[in-house]
Amino acid sequence: MSTDATADRISEVSQKFGISPEDYMLPARHMINLLDPDGTLRPQDQQGTEPGHEYPLPSPARLMEAYSALVTGRRVNDQNSALVRQGRMAVYPSSHGQEACQVAAALCLEDGDWLFPTYRDTVAVLTKGVAPMEVMTSFRGEWHCGYDPKAYNCAPMATPLTTQLLHAVGVAHAAKLRGENTVVVAMCGDGATSEGDFHEALNFAAVFNLPVIFFVQNNKYAISVPFSQQSAAPSLAHKAVGYGMAGERVDGNDLMALMSVMTRAVRLAREGNGPLLIEAHTYRMQAHTNADDDKRYREDAEVIEWKAKDPVTRMQAYLDDAGLLTEEAAAKITEAAEAVAKDLRDGMNQDANTDPRELFEHVFSTKTPQLAEQQALLVDELDREEA
Amino acid sequence: MSTDATADRISEVSQKFGISPEDYMLPARHMINLLDPDGTLRPQDQQGTEPGHEYPLPSPARLMEAYSALVTGRRVNDQNSALVRQGRMAVYPSSHGQEACQVAAALCLEDGDWLFPTYRDTVAVLTKGVAPMEVMTSFRGEWHCGYDPKAYNCAPMATPLTTQLLHAVGVAHAAKLRGENTVVVAMCGDGATSEGDFHEALNFAAVFNLPVIFFVQNNKYAISVPFSQQSAAPSLAHKAVGYGMAGERVDGNDLMALMSVMTRAVRLAREGNGPLLIEAHTYRMQAHTNADDDKRYREDAEVIEWKAKDPVTRMQAYLDDAGLLTEEAAAKITEAAEAVAKDLRDGMNQDANTDPRELFEHVFSTKTPQLAEQQALLVDELDREEA
Amino acid sequence: MTTTSQVNPNVSDATARAAAQAAAKNQPVTFGKALNTALADALTAEKSVVIFGEDVGTLGGVFRITDGLTARFGNERCFDTPLAESGIVGMAVGMAMNGMRPVIEMQFDAFAYPAFEQINSHVAKMRNRTQGRLPLPMVIRIPYAGGVGGVEHHCDSSEAYYSHTPGLKVFTPSTVADAYLMLREAIDSEDPVIFFEPKKLYWSKEQVDLEALAAEYEARKAAKTEGVARIARAGKDATLITYGPSVSVAMEAAKLAAEEGISLEVVDIRTIVPFDDETVSASVRKTGRAIVVAEAQGFASVASEIVARVQERCFHSLAAPVLRVTGFDIPFPAPTLEKYNLPSAERILDTLDQLQWEA
Amino acid sequence: MTTTSQVNPNVSDATARAAAQAAAKNQPVTFGKALNTALADALTAEKSVVIFGEDVGTLGGVFRITDGLTARFGNERCFDTPLAESGIVGMAVGMAMNGMRPVIEMQFDAFAYPAFEQINSHVAKMRNRTQGRLPLPMVIRIPYAGGVGGVEHHCDSSEAYYSHTPGLKVFTPSTVADAYLMLREAIDSEDPVIFFEPKKLYWSKEQVDLEALAAEYEARKAAKTEGVARIARAGKDATLITYGPSVSVAMEAAKLAAEEGISLEVVDIRTIVPFDDETVSASVRKTGRAIVVAEAQGFASVASEIVARVQERCFHSLAAPVLRVTGFDIPFPAPTLEKYNLPSAERILDTLDQLQWEA
Ligand SMILES: Cc1ncc(C[n+]2csc(CCOP(=O)(O)OP(=O)(O)O)c2C)c(N)n1
Ligand SMILES: Cc1ncc(C[n+]2csc(CCOP(=O)(O)OP(=O)(O)O)c2C)c(N)n1
Ligand SMILES: [Mg+2]
Ligand SMILES: [Mg+2]
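Protein chains in written order, with the working numbering: chain A, 1 to 387; chain B, 388 to 774; chain C, 775 to 1133; chain D, 1134 to 1492.
Given below as structure tokens:
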């Protein structure tokens, strides 16, 4: 729990890689990137790797699993946006364009590991295994998160920015005190890194040497505010060294690179090397939510430029070329995605659970006399209404 | 106001030094240190300098000015501690051992520049020119900070940790918007760097490219908590790169090094190169305040070790050797220090201004009816008591 | 999602005149536009005014209250900050220390909580702890309350936290004219003002001639709103004391009560701090009965304070206890359930029935 | 700086028995020691209890309430954190999510403000927003209030902020026995508890046998304190309703009043949330007069709430308005002036005079 121990730990791991502790903590000079936008594998020397920052290619089976989740993720994003347009869902912050990040964040984890998502991380939550309609509960206007966080080891999606990173630290700390080998992935956006809780979470994780991966999706915008007005740092990954942890930046539209970087991060964390900060460079292709109008603050040209870097088509091209995506496999993947989309459409047709009497049930373990009194007042009103 | 501009600015200044932007932002590999603990000038190659991190020796006149302030600072610390022991002052967080930092923080500034001190920075406030008794007002148990912050360009000493760094950013921003060339030194301790406001202040300063020097006195303790439990970073100065600013660490008991580092920092900031983070390594020689018992959490041996690095004797030895500290000069310096100590002793004998009626005067620009009512109640009580 | 606030039959002074003029010109304006105009006029009137916050620049704010200000006044007068509320408030403190008049926006009520220490320990106390030498003229704008189908953390009514904190003034307009006038007054105040904007009113429209109102304000002819409660509707049988988003609900209740032959007076207190005891007490002494209506959870709230003050001051005029219609003591409910929590005209009328009319 | 709290003539049940036993054994213990023992006993009883915060480890806290716990239970059960209150609370949330029962310390009242968002948006709401699936059993200990000559930011009474926030329980003991029992109850609660410790009582002593109290508590024989107000002194002419640091002041006032032939009942409400309406109302109905005494600034405070509730429930039993003796609506004053702000027995007696005894 002390810097001395941490310094030892850092110098140990950096020795393993044959580099200096600072070079271990600072991100590689170039963003980690394995696949070109058109799906071709980059030559090794252009992958952004340098000593201590090498990233092996994931296995074909692993890539196919990830690709399937990617296709489902994209389908879910677009289905949900459609449901919002149809007025069947209140609000949806789509991660269209960021699905590779979402998939990697969840798939890199093992069963007992925890995920801490934000409002934009529906696809990560789904990939973690939560049932589609459960994930969407809060977006339809219900009052609770919809799923049992403990059943899935997945926290409720957080809205107050970066507050959840500290909860992630606490979950890891509790596990560590009990001698459990739990890794936690804690997600946030580029804008959120400016909040004080981001700083406190990273510092606590480093000081207590906890296996937490802080995974930042830098999608270039915080609502309307471009990244250039959010930070002047060379990269967000550079923040790691200021906490005594390792940082890395990775192409957030390159599922292969993401899987490799995140898998290594989880392994390093699980082996006791402390927290890591991973910055994924991606792009929010759509407005912040359906309530936002992105035409007010960015040019179409920019969006179009990023369209060419789409994570789905990129991965598809690679798998096609590699002969992994047989027609049969592709059909199965589409089918799985469609099944989830149908679930969502069907679910949204059902009425939300909205018994107003329940408003008072979960404020405390048992209702205070004051709440019982207030509930009685409401029940009386409802009874009179029904009468 | 954007990273693009900041990146330009950073690469410009780093080019000026002939180094990479990262090397400009990261602290030199070794702490900047010009004088040995025994007062001898270190050989150039051991001063911690490397390309882009060179620090020239300050002029003799400048050193003498600083030394005089240093001696007064030490005298003030010890006088105040005595006054507390004598029951004539309520509380005093002494900076005994840290006076070199305090002096440099104030002396590096020019007239229109602002200083943002903490509760431990009495000596810096004094060096900035505030009258001794005014500085001590709040420690005697009065309800206000005692001096006019605008008259001295010196903020009230802050207690809620690191909150004042944001105020410093605001003062710099206001000045910049008006086209004024004001530099701000914002002070805090090692423990305080863990607070969220530290992070937010550095980020705002960097994004808005403001001339703020964040000056951290790493005195190894936050009350009882040693630095090793505060941060796992290679150094606090390493945090700078995560904000896109330059960082440097300096021997905080070496007044010569401090003057050189801080003077350069102020110059860089004033020239529009943005904020800097300076970490001074020093040691809190006494308990946190008179209410604290440092025997509970640290060994005498550690304190004794640091005694050998005392900033006052070190500087004195150098000046002696250099023939600058003539008997006459030394006498004058002692005299000046004694005059301040006498001021404090005399002042503390006077009653504090404690008219309870004033409690209601400065809550708002004009009293609300509610406060007028409450004041009347108190006045009535006081009248009856007097009657 | 849009609520049209009531046009008040007997608004007072400036408000009335302005409304009349506007009616003549027949220009309905929204509450949001009135705020936007107030900001623009303040930027024009006083060069030390600066506006900043999250998304307030290019986007014009998520509610578009700062729409067009960056384009018109430049990026130095109205600008975006990094995403950090404590940072925004803390920087505003420093700017106010150094001669500026910052007007900052918290994007939603619950997202002001990260700034609580800055607001409580500095914004509220800087004048006091410097013996009046460092006043902090600044406005913290907070969109608040529900009625718009907002998801969790987006509909808190947090006025009690700030009203309880000595050194802060707390304003909350409920009419379009007040939106304009009170924001101008807040910006011109030498004291920090927490300015609560009822979200659900942003799109409400009234006939108000903003230009005339502006001219009146700048000629110092507009009636003061700070510390001056507004009789939103005159009545004689009981008083509804309310503010912000609940004024329109109280007005609706008064209308319904009138149909049943009960005459309710509605007092819009406008500024919670300072509080207009005089107007409130006079009304209750006249009617002998009072209900306080507010949307925030009731426990230890502004409504509690009003009840306490009224019974302290009007005890012997009271025919019944002063009752409250407030939100329940539960986290603000999600969209599908918020209507059960919000004070409604029906709930006010039910409460009215309990005011011991037979006794 | 040390205040000895009153020994209460008619404490109830467990408290009384415990006090009696201790008196027999003649062991005066301090309020601080009772808290320290409660923490140690909780650590022993339940292995999921963990204690952390600033300086709570080696140092034992600036008030020594965690003294010796690290030495006795190890650095994994009681440890120091980096200096960041939001971090401390946020980490506690995560630990409670994952099976622990964190008991954390905020060093001083005003230094809990940086954690306000975590407390308000998460601690208070996690159970609710997960439909009861993620309860957060945790205790946030906050030393509070004045009377110890503390400098600025060290003497706030911040209970109103938390009492107003749905989802938080708020406890504040005023006797040594309650310090022990209420802290044990708080730690064993399935709900988050903000535990306010009146600083000035830390060194106060009473004759309490903590071992006996512990045995009683663990045998589940101790009377519940949550939601159960304590009649600190029985009386018949008027009721003083109070809590925490003001209980001793009220007791002193009652003693002085008794000398003048006025019999005051003193109700120590113990837990602000949940609130014991029954005991409070019964007392006021009996006496017909009430004064609420609390140290926090009065506006929109817990005292306001108590006044509002009492007059709502006891209106027809009241011979006079319910009045308040509270701190003024000013930033907490510096050491040399705090006595003018703090509720005093004299001020309570002055207020008593206003309860229209002639009417
Ligand atoms: C504490 C807090 N402040 C403000 C908001 C309002 N808000 C919601 S999302 C958002 C932008 C977040 O940007 P980023 O972190 O980059 O995530 P992204 O939306 O791009 O995924 C803002 C300002 C909030 N939810 N929480
Ligand atoms: C927000 C806040 N939390 C806690 C405290 C209590 N406190 C006062 S000084 C201190 C230690 C500060 O350590 P450091 O920043 O290293 O400064 P130093 O005292 O060593 O100069 C603490 C915890 C405070 N003043 N403000
Ligand atoms: Mg973003
Ligand atoms: Mg320190």
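Heads up, the beta-carbon is just placed ideally off N, CA and C, and yes, glycines get one too.
Note that the structure is a prediction, hence the values are computed from the model and not measured.
Pull out every residue of the segment 206 to 239 of chain A whose Cβ sits closer than 8 Å to any Cβ of chain C, in chain order.
Ala222, Ile223, Ser224, Val225, Gln229, Gln230, Ser231
According to DSSP, is arginine 1353 of chain D helix, strand or coil?
Position 220 of the fourth sequence, counted from the first residue, corresponds to residue 1353 of chain D. Reduced to three states, the DSSP call for arginine 1353 of chain D is coil.
Between the segment 1178 to 1188 of chain D and the segment 1233 to 1251 of chain D, do at least 3 Cβ pairs fall closer than 8 Å?
yes
Aspartate 1042 of chain C lies in the beta strand (DSSP E); which residues open and close that run?
Here residue 1042 of chain C refers to the residue found at position 268 of the third sequence. First-last of the beta strand (DSSP E) with aspartate 1042 of chain C: 1038 to 1042.
Residues bridged to alanine 186 of chain A by DSSP?
On the first sequence, residue 186 of chain A is found 186 positions in, with the first residue counted as 1. Alanine 186 of chain A pairs with A:Phe116, A:Phe214.
Out of curiosity, what's the CA-to-CA distance linking leucine 833 of chain C and tyrosine 297 of chain A?
Position 59 of the third sequence, counting from 1, holds the residue named residue 833 of chain C. Position 297 of the first sequence, counting from 1, holds the residue named residue 297 of chain A. Roughly 6 Å between the two C-alpha positions.
Could you name the residues whose beta carbon sits closer than 7 Å to any heavy atom belonging to ligand 3, keeping them in chain order?
A:Gly189, A:Asp190, A:Gly191, A:Gln217, A:Asn218, A:Asn219, A:Lys220, A:Tyr221, A:Ala222, A:Arg284
For alanine 105 of chain A and alanine 124 of chain A, what's the separation of their Cα atoms in angstroms?
Within the first sequence, the letter at position 105 stands for residue 105 of chain A. Within the first sequence, the letter at position 124 stands for residue 124 of chain A. Answer to the nearest angstrom: the Cα atoms are 6 Å apart.
CB contact below 8 Å: glutamine 1071 of chain C versus chain B:
Position 297 of the third sequence holds residue 1071 of chain C. No, because no Cβ of chain B sits closer than 8 Å to the Cβ of glutamine 1071 of chain C.
Endpoints, alpha helix (DSSP H) assigned at glutamate 1292 of chain D
Position 159 of the fourth sequence, counted from the start, is the residue given in the question as residue 1292 of chain D. Here the alpha helix (DSSP H) through glutamate 1292 of chain D covers 1292 to 1296.
Go through the segment 276 to 336 of chain A residue by residue and report every complete run of the beta strand (DSSP E) that reaches 3 residues or more, in order.
276 to 281
Cα-Cα separation between serine 1379 of chain D and alanine 1467 of chain D, rounded to whole angstroms:
Along the fourth sequence, one-based indexing puts residue 1379 of chain D at 246. Along the fourth sequence, one-based indexing puts residue 1467 of chain D at 334. C-alpha separation (whole angstroms): 19 Å.
Determine which residues of the segment 893 to 908 of chain C have a Cβ less than 9 Å from any Cβ of chain D, and write them out in chain order.
Ile893, Asn894, Ser895, Ala898, Lys899, Asn902, Arg903
If I follow the unbroken alpha helix (DSSP H) through lysine 1180 of chain D, where does it start and stop?
On the fourth sequence, position 47 is the one that residue 1180 of chain D refers to. Here lysine 1180 of chain D belongs to no alpha helix (DSSP H), and DSSP marks it neither H nor E.
Looking only at C-alpha atoms, which of A:Leu126, A:Tyr119, A:His173, A:Val184 sits nearest to histidine 927 of chain C?
Against the third sequence, residue 927 of chain C aligns to sequence position 153. Looking at the Cα atoms, A:Tyr119 is the closest of the given residues.
Contacting residues, own chain, Cβ-Cβ under 7 Å from alanine 222 of chain A (five flanking each side not counted)
The residue given as residue 222 of chain A occupies position 222 in the first sequence. So the list reads Gly189, Asp190, Gly191, Gln230, once near-sequence residues are dropped.
Three CB pairs or more closer than 8 Å across the segment 400 to 408 of chain B and the segment 662 to 677 of chain B:
no
Answer yes or no: the CB of histidine 560 of chain B versus the heavy atoms of ligand 2, is any distance below 7 Å?
For this step, residue 560 of chain B is matched to residue 173 along the second sequence. Incorrect: histidine 560 of chain B has no Cβ contact closer than 7 Å to ligand 2.
8 Å Cβ cutoff, isoleucine 878 of chain C in contact with chain B
Position 104 of the third sequence holds residue 878 of chain C. So, not an interface residue.
Threshold first: 3 residues or longer. Then list the beta strand (DSSP E) segments lying entirely within the segment 464 to 523 of chain B, N to C.
501 to 503
Whose Cβ in chain D lies nearer than 8 Å to the Cβ of valine 1081 of chain C?
For the purposes of this step, residue 1081 of chain C is taken as the residue at position 307 of the third sequence. The answer, in chain order, is Ser1437, Val1440, Ala1441, Gln1444, Glu1445.
Expressed to the nearest angstrom, what Euclidean distance is found between the alpha-carbon atoms of histidine 281 of chain A and asparagine 568 of chain B?
By 1-based counting over the first sequence, the position of residue 281 of chain A is 281. By 1-based counting over the second sequence, the position of residue 568 of chain B is 181. Near 37 Å, if we compare the C-alpha coordinates of asparagine 568 of chain B and histidine 281 of chain A.
Below 8 Å on the Cβ atoms is my guess for tyrosine 55 of chain A versus leucine 34 of chain A; work out the distance and round it to an integer in Å.
Here the question's residue 55 of chain A lines up with position 55 in the first sequence. Here the question's residue 34 of chain A lines up with position 34 in the first sequence. That pair is a contact at about 7 Å.
Take alanine 1248 of chain D and list the residues in its own chain whose beta-carbon comes closer than 6 Å to its own, dropping the five residues that flank it on each side.
Locating residue 1248 of chain D in the fourth sequence gives position 115, where the first residue counts as 1. Counting only Cβ-Cβ distances below 6 Å, and skipping sequence neighbours, we find Glu1218, Ser1219, Val1222.
Would you say alanine 192 of chain A reaches chain C, if we count a Cβ-Cβ gap shorter than 8 Å as a contact?
For this step, residue 192 of chain A is matched to residue 192 along the first sequence. By this cut-off, alanine 192 of chain A is an interface position.
May I ask whether a heavy atom of ligand 2 can be found less than 7 Å away from the beta carbon of threonine 939 of chain C?
In the third sequence, counting from the first residue as 1, residue 939 of chain C sits at position 165. For ligand 2, not one heavy atom lies less than 7 Å from the Cβ of threonine 939 of chain C.
Quick check: what's the CA-CA separation for alanine 739 of chain B versus leucine 1470 of chain D?
What you label residue 739 of chain B is simply residue 352 of the second sequence in a count that begins at 1. What you label residue 1470 of chain D is simply residue 337 of the fourth sequence in a count that begins at 1. Whole-angstrom Cα-Cα distance: 11 Å.
Buried or exposed for proline 27 of chain A, please, with buried defined as at least 16 other CB atoms from any protein chain shown within 10 angstroms of its CB.
Looking up residue 27 of chain A in the first sequence gives position 27. Classification for proline 27 of chain A: buried.
Rounded to whole angstroms, what is the Cα-Cα separation between histidine 776 of chain B and alanine 624 of chain B?
Since the first residue of chain B shown is 388 and the last is 774, residue 776 of chain B is not available in this structure.
Cβ of phenylalanine 1120 of chain D versus every heavy atom of ligand 2: is any distance shorter than 7 Å?
Because chain D spans 1134 through 1492 in this model, residue 1120 of chain D falls outside it and cannot be assessed.
Would the segment 193 to 208 of chain A and the segment 161 to 174 of chain A be scored as touching if the rule is three or more Cβ pairs under 8 Å?
yes
Would the C-beta of glutamine 316 of chain A count as close to ligand 1, meaning under 7 Å from any of its heavy atoms?
Here residue 316 of chain A is taken as the residue at index 316 of the first sequence, counted from 1. Every heavy atom of ligand 1 is 7 Å or more from the Cβ of glutamine 316 of chain A, so no.
How big is the Cα-Cα spacing for glutamate 521 of chain B and alanine 90 of chain A?
Taking the first residue of the second sequence as position 1, residue 521 of chain B is located at position 134. Taking the first residue of the first sequence as position 1, residue 90 of chain A is located at position 90. C-alpha separation (whole angstroms): 59 Å.
Could you tell me whether the Cβ of proline 940 of chain C comes closer than 8 Å to any Cβ of chain A?
The residue given as residue 940 of chain C occupies position 166 in the third sequence. So, not an interface residue.
Between the alpha carbons of arginine 140 of chain A and glycine 73 of chain A, how many angstroms are there, rounded?
The residue you call residue 140 of chain A lines up with position 140 of the first sequence. The residue you call residue 73 of chain A lines up with position 73 of the first sequence. So the two alpha carbons sit approximately 19 Å from each other.
Proximity test, arginine 120 of chain A beta-carbon vs ligand 1 heavy atom, cut-off 7 Å
Residue numbering aside, residue 120 of chain A sits at position 120 when the first sequence is read from its first letter. Arginine 120 of chain A: yes, Cβ under 7 Å from ligand 1.
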